[in-house]
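Participant: So the number in my numbering is just where the residue sits in the sequence shown, counting from 1, plus 3. Before I ask anything, let me first share the structure, which is written out below as structure tokens.
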Amino acid sequence: MTAAAGETHGEGKSFTSLVADRGDASQPASPVVIEELALANHILFREGVVDGFGHVSVRHDKRPDRFLLARNMAPALVSADDIVEFDFDGNPVNAKGRTIYLERFIHAEVFRARPDVMSVVHSHSPAVVPFSVVKSSPLRPICHMSGFLGEEVPNFEIRDHAGDESDLLITNSRLGAALARTLGGCNCALMRGHGSTVVAPTLKEAVFRAVYTEVNARLQSEALRLGTPDYLTAGEARTSAANIASQINRAWDFWRMRAEGKL
Ligand code: MN
């Protein structure tokens, strides 16, 4: 059964989809990778990036043409048993009848387009959304923690690809590929009236970037209320991003403890 034939989604009736497995499970991903992905879900919830919605994926450690993503559920509730393997057409390998995320095509097409990307976070984190709808005020790096945003963050306009009556969701490969083109070589793309997609060369760094994309949006909104912000230059963004990348574990270890309720 193809993804299209198996979809239960249609006319905005459902936020989930039930799709038959493609039936050729590969060598299982490392349990360490799967556990880390489950933890990433919990951290993103605890740090205010995802709520009942949003998702995080990681490229399969033994099959670079596959990726791992939870089944359709709230990120805070994800455990290792909920992680499903997918191909780049958005077909599940081992969903076994469980519903999957409608917007899995975001992950599939970004992994297809960007061999350097090992992890993708898609969220509707609340401070970021305003920057997606006020096009005269683009999201830009306000401090050294968010230099990975680069000079300016691209903003995906779904009307250019799905007209003006869409549900704004990335529900097929064509829209996923269009989003991946807008992302280009950047680390973050806004999605107008919807949220953002953040990518990184590791899972931990993708979580870090997702958290600090939200922090940056909050700080930038505050700064804009005071006056005209002086943003990082392209060089400052590049240098600070390279520096902070070596400190990711410091944040991760703390976030892990907090997500596990130990702080
Ligand atoms: Mn979404």
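Here a beta-carbon is modelled for each residue, glycine too, at the ideal position from N, C-alpha and C. Only a predicted model underlies this, so the values are computations on that prediction, with no experimental measurement involved.
Do you know offhand how far Leu172's Cα is from Arg117's?
Facilitator: Cα to Cα, Leu172 sits roughly 21 Å from Arg117.
Participant: Compute every distance between the C-beta of Glu106 and the non-hydrogen atoms of the ligand MN, then say whether any falls below 6 Å.
Facilitator: The answer is yes for Glu106.
Participant: One question on the structure: do Gly150 and Leu235 come within less than 7 Å of each other, judged by their Cβ atoms?
Facilitator: Yes, these two residues count as a Cβ contact at 7 Å.
Participant: Tell me whether the stretch 119-134 and the stretch 194-209 touch, counting them as touching only if at least three CB pairs, one residue from each stretch, are closer than 8 Å.
Facilitator: Yes, they touch.
Participant: Considering only their Cβ atoms, is the gap separating Ala181 from His164 smaller than 7 Å?
Facilitator: Cβ atoms of His164 and Ala181: closer than 7 Å.
Participant: Going along the chain, which residues of its own chain have a beta-carbon closer than 7 Å to the beta-carbon of Leu251, five neighbours each way excluded?
Facilitator: According to the sequence displayed, residue 251 carries Ile and not Leu. Only Lys207, Glu208 and Phe211 meet the Cβ criterion.
Participant: Hey, Ile247 and Gly179: beta-carbon distance below 7 Å or not?
Facilitator: Not closer than 7 Å, so no.
Participant: Count the other CB atoms within 10 Å of the CB of Thr231; is the residue buried (16 or more) or exposed (fewer)?
Facilitator: Exposed, since its Cβ has fewer than 16 Cβ neighbours within 10 Å.
Participant: Counting only the same chain and skipping the five closest in sequence on each side, list residues whose C-beta sits under 6 Å from that of Asp256.
Facilitator: Hits under 6 Å: none found.
Participant: Only counting the same chain, and skipping five residues up and downstream in sequence, which positions put a Cβ closer than 7 Å to that of Pro67?
Facilitator: The answer is none, since no qualifying residue turns up.
Participant: Which value, in whole angstroms, describes the spacing of the CA atoms of Pro144 and Phe56?
Facilitator: Roughly 25 Å between the two C-alpha positions.
Participant: Assuming Val35 and Leu47 are in contact, meaning their beta carbons sit under 8 Å apart, how far apart are those beta carbons, in whole angstroms?
Facilitator: In fact, because the Cβ distance is near 19 Å, the residues do not count as touching under 8 Å.
Participant: If you draw a straight line from the C-alpha of Lys65 to the C-alpha of Glu88, how long is it?
Facilitator: Those two C-alpha atoms are separated by around 12 Å.
Participant: Taking a contact to mean a Cβ-Cβ separation below 7 Å, would you say Ser128 touches Glu217 in this structure?
Facilitator: Result yes, Cβ atoms of Ser128 and Glu217 sit closer than 7 Å.
Participant: Between Gln30, Arg184 and Val81, which has its C-alpha nearest His63's C-alpha?
Facilitator: Comparing Cα positions, the closest option is Gln30.
Participant: Would you report the Cα separation of Val22 and Ala213, rounded to the nearest angstrom?
Facilitator: Cα to Cα, Val22 sits roughly 28 Å from Ala213.
Participant: I'd like the span of the alpha helix (DSSP H) that includes Ile86, first residue to last.
Facilitator: No alpha helix (DSSP H) holds Ile86; the beta strand (DSSP E) holding it covers Ile86 to Asp90.
Participant: Hey, how far is the Cα of Arg69 from the Cα of Glu168?
Facilitator: Looking at the two C-alpha atoms, the distance is approximately 32 Å.
Participant: Find the nearest neighbour of Arg115 within the set Phe91, Arg101 and Glu106, judged by alpha-carbon distance.
Facilitator: Considering only alpha carbons, the answer is Phe91.
Participant: May I ask you to report which of helix, strand or coil DSSP gives Pro95?
Facilitator: It is a strand residue.
Participant: Could you compute how far the alpha carbon of Gly100 sits from the alpha carbon of Leu227?
Facilitator: So the two alpha carbons sit approximately 48 Å from each other.
Participant: What are the partner residues of Met194, as DSSP defines its beta bridges?
Facilitator: In DSSP, Met194 forms a bridge with Phe159 and Gly198.
Participant: Roughly how far, in whole angstroms, is the beta-carbon of Ala41 from the beta-carbon of Ile86, given that I think they are within contact range, below 8 Å?
Facilitator: About 7 Å separates the two Cβ atoms, so the contact holds.
Participant: Could you check the C-alpha separation between Arg74 and Leu229 for me, to the nearest Å?
Facilitator: Looking at the two C-alpha atoms, the distance is approximately 43 Å.
Participant: Looking at the unbroken alpha helix (DSSP H) that takes in Arg62, where does it start and where does it end?
Facilitator: That residue, Arg62, is in no alpha helix (DSSP H); its beta strand (DSSP E) goes His58 to Arg62.
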